[in-house]
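Undergrad: Please see the structure below; I have some questions.
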């Protein structure tokens with residue numbers, strides 16, 4: 016069988032990762048660029064094309080390329096657009112499918128990054144053979160992809176699955192989407208930092224987070240693993256909020272499992288233990304102890320890269 | 016073509032309605048019984064069988080019967096059970112498919128009442144040709160049926176769509192399901208009465224609801240249409256809570272429309288106007304003015320009766 020390659024791309028608010036994928040759905044090579052360094056989307060596409068060319072050379076990928084699958088926050092599988100993506104540097108409504116096809120000269124399929132990751136988990140990861148599950152991607156934003164009855168839930172406009180923009184508190188923190196009190200304003204990387212700063216301001220507790228010139232969610236995860244009480248309380252509060260909203264999602268969509276990827280999911284037990292505890296507390300009786308929260312078993316961005324590229328096989 | 020009949024039954028917390036349905040999906044005759052009068056489920060089945068026999072006589076239905084489709088709160092399409100249904104008189108886990116088949120001596124299919132109504136709306140009502148919508152049934156409880164990509168959302172265990180038991184306030188009112196702060200504790204018939212009683216206790220405002228020996232959600236709807244300020248505020252508060260949770264559902268499942276049936280949906284503009292106003296306020300920008308809230312266009316319990324019976328045609 017002739018070699019046919021696919022390229023999968025996972026665009027994140029911070030990093031964008033490119034992977035070259037062979038016939039056997041093995042990722043042969045990766046590269047990445049910093050998303051925020053490109054204020055113009057066509058310059059970003061050109062930078063990705065350079066990546067692709069560099070990665071492709073040893074494998075003659077470009078001569079045998081099926082196409083490029085891209086997962087991107089706010090990406091719309093139906094029309095290939097991104098619309099007012101708050102965590103990306105390109106504003107308004109952009110047909111990025113066209114931007115990339117014009118640049119790459121090959122077929123491009125766009126989907127939401129969390130939906131791409133859900134597809135990847137279903138085909139190659141923790142959700143093989145699972146027909147109902149939720150993929151949650153924690154990072155610059157809070158993304159989610161729902162699989163129901165073995166199919167990705169798109170809704171009538173392709174935009175279903177925005178768990179990050181469901182409301183935790185109606186009059187809560189401002190969210191980047193323009194609403195108030197969204198889950199994302201609490202469980203995103205910047206939301207976690209805000210919670211830590213609030214706790215530092217409220218409490219006299221000693222903390223290695225105090226007086227840091229700039230604080231990141233990674234600092235907080237690290238401090239929690241070093242038993243810093245403010246960091247532990249920050250993760251506990253965040254876990255409780257996320258657990259409440261996940262329990263709502265279980266009541267609505269009855270998944271078998273929830274798979275976490277990115278951001279706080281790397282914070283270890285200081286996050287996952289309270290998340291599981293509160294989740295079980297908020298679940299309806301018929302789900303208690305029956306719906307698992309698992310970490311993605313695929314490494315790095317593989318779920319989203321493989322999932323986005325798998326759309327080329329449909 | 017020989018006549019073939021189906022029977023559709025909508026079991027509610029208060030009334031249970033039976034309909035005889037012909038080849039053309041016309042409901043030829045109805046009867047109803049009071050659900051709460053039967054503390055034993057097999058006595059309830061026997062009473063329904065008497066209904067069916069009485070209704071069937073003029074049409075010779077029993078000789079040409081395809082089967083019985085039943086929509087019931089907590090009904091599980093997958094296994095024919097109801098499990099710990101808080102608004103029904105029969106407790107624990109009951110295989111009611113078996114109870115009814117033993118009694119009726121004909122095939123019985125069970126589903127959740129709101130999912131039955133969703134099917135009915137999709138086949139014969141306001142959602143003809145609509146592939147993504149939410150059916151909301153307001154009554155003794157708050158039921159919901161989600162249709163995504165043209166299919167009823169069941170989830171891995173058949174129990175998806177429990178919007179009524181998603182959380183409005185984590186430390187809020189006790190709900191009949193055992194949790195605290197569920198939407199149902201605010202938007203069900205008894206929840207609305209509680210809100211009115213709270214407002215009556217808090218405010219000195221004159222109200223025709225004051226000092227009524229017993230207060231029902233119908234009294235409140237009627238008072239609101241008579242411009243009673245406490246009743247109007249009760250419906251406004253309820254509408255705001257429901258709107259918030261419906262906007263969350265839109266972010267998650269991206270429906271084209273939401274269809275309301277039962278209870279407060281009959282309260283007219285004093286409920287539907289604030290519901291639409293708050294809904295639009297809580298929606299993500301990309302949905303504002305684009306997702307309609309409509310009342311069921313089918314009369315009485317027809318959506319659930321026709322929807323439940325339609326399961327016999329699968």
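Protein chains in written order, with our numbering: chain A, 16 to 329; chain B, 16 to 329.
C-beta atoms are modelled at their ideal positions from N, C-alpha and C, and glycine is treated no differently.
Predicted model, so just to flag it, every value in this text is computed and none were measured.
Between residue 50/A and residue 289/B, what straight-line distance do the alpha-carbon atoms span, to the nearest angstrom?
TA: Going from the Cα of residue 50/A to the Cα of residue 289/B covers about 42 Å.
Undergrad: Looking at chain A, which residues of the segment 266 to 294 of chain B have a Cβ within less than 8 Å of any of its Cβ atoms?
TA: Listed by position, the residues of the segment 266 to 294 of chain B near chain A (Cβ gap below 8 Å) are 266, 267, 268, 269, 270 and 271.
Undergrad: I want to verify the contact list: residues of chain B whose CB lies under 8 Å from the CB of residue 182/A, in sequence order.
TA: Per Cβ cutoff of 8 Å: 259, 262, 263 and 297.
Undergrad: Could you give the residue range of the alpha helix (DSSP H) that holds residue 135/B?
TA: Run containing residue 135/B: 128 to 139, per the alpha helix (DSSP H) assignment.
Undergrad: Excluding five sequence neighbours on each side, which residues of the same chain lie with their C-beta closer than 8 Å to the C-beta of residue 61/A?
TA: Around residue 61/A: 118.
Undergrad: Would residue 200/B count as contacting chain A if we go by Cβ distances under 7 Å?
TA: It does not; no Cβ of chain A falls within 7 Å.
Undergrad: Starting from the Cα of residue 210/B, find the closest Cα among 92/B, 185/B, 192/B and 236/B and give me that residue.
TA: Closest by alpha carbon: 236/B.
Undergrad: For residue 175/A, decide whether its Cβ has a neighbour in chain B, counting only Cβ atoms nearer than 7 Å.
TA: Yes, residue 175/A lies at the interface with chain B (some Cβ there is under 7 Å from its Cβ).
Undergrad: Residues in the segment 140 to 166 of chain B with C-beta within 9 Å of chain A's C-beta atoms, listed in sequence order?
TA: Here the close residues are 145, 146, 147, 148, 159, 161, 163, 164 and 166.
Undergrad: Residue 300/B touches chain A at which residues, Cβ-Cβ below 8 Å?
TA: The contacting residues are 99, 192 and 193.
Undergrad: Please report whether the beta-carbon of residue 185/B lies at a distance below 7 Å from any beta-carbon of chain A.
TA: Yes, because at least one Cβ of chain A sits closer than 7 Å to the Cβ of residue 185/B.
Undergrad: Closest by CA to residue 29/B, which one among 268/B, 83/B, 156/B and 310/B?
TA: Checked all of 268/B, 83/B, 156/B and 310/B; the closest Cα to residue 29/B is 156/B.
Undergrad: Looking only at C-alpha atoms, which of 304/A, 35/A and 56/A sits nearest to residue 69/A?
TA: For the residues 304/A, 35/A and 56/A, the minimum Cα distance to residue 69/A belongs to 35/A.
Undergrad: Which residue wins for smallest C-alpha separation from residue 45/B, given the options 74/B, 248/B and 136/B?
TA: Nearest option by C-alpha distance: 74/B.
Undergrad: Between the C-alpha atoms of residue 65/A and residue 311/A, what's the straight-line distance to the nearest angstrom?
TA: About 30 Å.
Undergrad: With DSSP collapsed to three states, give me the class of residue 213/A.
TA: Helix at residue 213/A.
Undergrad: Buried or exposed: which applies to residue 10/B, given that a residue is buried once 16 or more other Cβ atoms fall within 10 Å of its Cβ?
TA: A question about residue 10/B goes unanswered here, because the residues of chain B that appear run from 16 up to 329.
Undergrad: Span of the beta strand (DSSP E) holding residue 19/A?
TA: Note, residue 19/A: premise wrong, no beta strand (DSSP E); not H, not E.
Undergrad: Which of helix, strand or coil does DSSP assign to residue 279/B?
TA: Here residue 279/B sits in helix by DSSP.
Undergrad: Given a threshold of 16 other Cβ atoms within 10 Å of its Cβ, counted over all protein chains shown, does residue 170/A qualify as buried or as exposed?
TA: It counts as buried.
Undergrad: Please list, in chain order, all residues of the same chain as residue 202/B whose beta carbon is under 7 Å from its beta carbon, the five residues on each side excluded.
TA: Here the set comprises 153, 157, 253, 256 and 257.
Undergrad: Is there a Cβ from chain B that is less than 7 Å from the Cβ of residue 168/A?
TA: It does; some Cβ of chain B falls within 7 Å.
Undergrad: Less than 8 Å between the CB atoms is what I'm expecting for residue 212/A and residue 230/A, so what's the real figure, rounded?
TA: Confirmed, Cβ separation roughly 7 Å.
Undergrad: Determine the burial state of residue 55/A: buried for a count of at least 16 other Cβ atoms within 10 Å of its Cβ, exposed for fewer.
TA: By the 10 Å Cβ count, residue 55/A comes out exposed.
Undergrad: Nearest to residue 23/B by CA position, among 52/B, 53/B and 76/B, is which residue?
TA: Ranking 52/B, 53/B and 76/B by Cα distance to residue 23/B puts 76/B first.
Undergrad: Can you name the residues of chain A whose CB is closer than 9 Å to the CB of residue 172/B?
TA: Under the 9 Å cutoff, chain A gives 147, 269, 271, 301, 302 and 305.
Undergrad: Taking three-plus beta-carbon pairs below 8 Å as touching, is the segment 317 to 326 of chain B in contact with the segment 279 to 294 of chain B?
TA: As far as the Cβ criterion goes, the segment 317 to 326 of chain B does not touch the segment 279 to 294 of chain B, which means the pair count is below three.
Undergrad: With distance defined between alpha-carbon atoms, name the residue in 228/B, 147/B and 250/B nearest to residue 266/B.
TA: Cα-wise, what sits closest to residue 266/B is 147/B.
Undergrad: Would you grab the beta carbon distance between residue 260/A and residue 189/A for me? Rounded to a whole angstrom, and I think it's under 8 Å.
TA: Going by Cβ atoms, the distance from residue 260/A to residue 189/A rounds to 18 Å, so no, they are not a contact pair.
Undergrad: Tell whether a beta-carbon distance below 7 Å holds between residue 88/A and residue 128/A.
TA: A contact, by the Cβ cut-off of 7 Å.
Undergrad: How close, in whole Å, do the beta carbons of residue 204/A and residue 240/A come, if the pair is a contact with beta carbons under 8 Å?
TA: Going by Cβ atoms, the distance from residue 204/A to residue 240/A rounds to 17 Å, so no, they are not a contact pair.
Undergrad: Enumerate, from N- to C-terminal direction, the unbroken beta strand (DSSP E) stretches of 3 or more residues contained entirely within the segment 152 to 194 of chain A.
TA: If we require 3 residues or more, the beta strand (DSSP E) runs fully inside the segment 152 to 194 of chain A come out as 157 to 163.
Undergrad: Can the beta-carbon of residue 249/A be found closer than 7 Å to that of residue 279/A?
TA: No, they are not a contact pair.
Undergrad: Whose Cβ in chain A lies nearer than 8 Å to the Cβ of residue 178/B?
TA: Those are 266 and 267, listed as they occur along chain A.
Undergrad: Nearest to residue 122/A by CA position, among 111/A, 285/A and 179/A, is which residue?
TA: Checked all of 111/A, 285/A and 179/A; the closest Cα to residue 122/A is 111/A.
Undergrad: Give the single residue among 317/B, 43/B and 180/B whose Cα lies nearest to the Cα of residue 302/A.
TA: Nearest C-alpha to residue 302/A: 180/B.
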